[in-house]
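Participant: In this note's numbering, the protein residues as written are 14 to 368. Each residue gets a CB set at the ideal place from its N, CA and C atoms; glycine is no exception.
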Ligand SMILES: Cc1ncc(COP(=O)(O)O)c(C=O)c1O
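1) Could you check if residue 55 is buried or exposed, using at least 16 other CB atoms within 10 Å of its CB as the buried criterion?
2) Does DSSP put residue 334 in a helix, in a strand, or in coil?
3) Answer yes or no: the CB of residue 247 versus the heavy atoms of ligand 1, is any distance below 6 Å?
4) Taking residue 178 as the reference, which of 260, 139, 122 has the closest Cα?
5) In the structure shown, what three-state DSSP assignment does residue 324 receive?
6) Look at the alpha carbon of residue 287 and the alpha carbon of residue 308, and state the distance between them as a whole number of angstroms.
7) When you compare the stretch 83–93 with the stretch 132–151, are there three or more beta-carbon pairs, one atom per stretch, that lie closer than 8 Å?
8) Hey, is the stretch 299–307 in contact with the stretch 229–249, meaning 3+ C-beta pairs nearer than 8 Å?
9) Going by the DSSP bridge assignment, what does residue 84 pair with across the sheet?
10) Starting from the Cα of residue 103, find the closest Cα among 129, 149, 115 and give me that residue.
11) Please list, in chain order, all residues of the same chain as residue 192 whose beta carbon is under 8 Å from its beta carbon, the five residues on each side excluded.
12) So, are the CB atoms of residue 188 and residue 323 less than 7 Å apart?
13) Keeping to the same chain, check which residues put their C-beta closer than 6 Å to that of residue 254; ignore five residues upstream and five downstream.
14) Secondary structure at residue 340, three-state DSSP: helix, strand or coil?
15) Rounded C-beta distance between residue 312 and residue 228? I'm assuming under 8 Å.
16) Once the 5 residues before and after residue 17 are set aside, which same chain residues still bring their CB inside 6 Å of it?
17) In terms of residues, what are the limits of the beta strand (DSSP E) holding residue 42?
18) Would you tell me roughly how many angstroms separate the C-alpha atoms of residue 267 and residue 22, rounded to the nearest one?
19) According to the neighbour-count rule (16 or more other Cβ atoms, all chains shown, within 10 Å of its Cβ), is residue 161 buried or exposed?
Written as structure tokens, this is what we have:
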């Protein structure tokens with residue numbers, strides 16, 4: 014399919030890079046393509062970023078048939094634009110679209126569209142160490158019907174937003190609250206997919222936890238409220254007796270994070286033993302008490318590595334590594350960000366140069 018380029022003639026004023034924060038501003042153009050069950054994908058285009066008309070009876074509003082992704086592009090120290098393992102995000106989105114009974118999409122084609130959009134919008138990528146442009150592909154059901162059914166038409170978008178450094182004041186370990194009332198995801202459900210519907214139900218529990226003074230919520234499994242799943246919008250890993258332990262994907266209830274996969278691959282390469290398995294919150298708290306737990310960190314596109322300094326579960330609270338960043342967390346963070354900013358040679362085929 015050909016991508017029509019119909020760029021916006023009005024260029025918006027760029028923000029001061031140090032005011033970007035997280036997704037406060039959007040670039041001038043976006044990528045759009047549409048699906049109809051009878052026609053397939055059609056009308057791929059790059060056009061002005063702007064509000065659009067949609068029927069109030071569109072299925073996305075009523076039954077939440079929506080999926081999305083989140084990835085970043087970086088200006089390297091050599092002035093080249095880099096993407097980090099983008100094929101994994103696009104593949105995950107395609108799988109999510111299929112689980113939500115939408116349709117599938119050629120991920121190579123979407124990647125080509127994203128690269129074209131990034132080249133057009135390159136002035137929106139902050140040429141600043143630690144900053145990036147956030148890429149948000151998403152797909153919505155546009156068919157109109159008030160009965161519960163899948164839509165027969167969809168719109169697929171990619172929008173861009175410059176984002177600030179996640180750690181402008183340096184990495185600060187977070188306080189996390191182990192949630193033993195609400196759950197995020199259950200076996201057989203859609204927890205392992207990046208569907209908007211997964212996130213709506215986490216907003217209220219997230220707010221309650223913030224009000225209690227914690228920065229993130231740690232989810233347990235739905236059945237027994239015993240096994241650690243993930244934290245906020247990140248995966249979680251523990252260093253216990255020098256081994257990196259992270260919840261396995263087998264239950265199908267946690268998002269298979271790109272950063273999680275990167276961390277596992279790096280740890281194995283560095284001869285750090287890795288265990289992907291069930292881990293009970295009780296084991297974590299025992300390990301914290303007997304001193305065998307040396308690091309806890311969350312992994313995700315936004316922060317790469319986010320160290321955890323304190324965990325609360327029911328009436329127990331434990332401090333991790335004296336609320337300092339551990340050596341494994343720091344090494345992982347440095348390795349990934351050095352690759353993203355072109356400070357280190359990419360020997361693993363994780364980087365795609367856009368231009
Ligand atoms: C629920 C959830 N878990 C984990 C992650 C981390 O995934 P990734 O490393 O692909 O960003 C995210 C963020 O995308 C998420 O939303």
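Facilitator: Judging by the given coordinates:
1) exposed
2) helix
3) yes
4) 139
5) strand
6) 14 Å
7) yes
8) no
9) 148
10) 149
11) 218, 222, 230, 231, 232, 233
12) yes
13) 305
14) helix
15) Their Cβ separation, rounded to whole angstroms, is 16 Å, which puts residue 312 and residue 228 out of contact at 8 Å.
16) 58
17) 42–49
18) 43 Å
19) exposed
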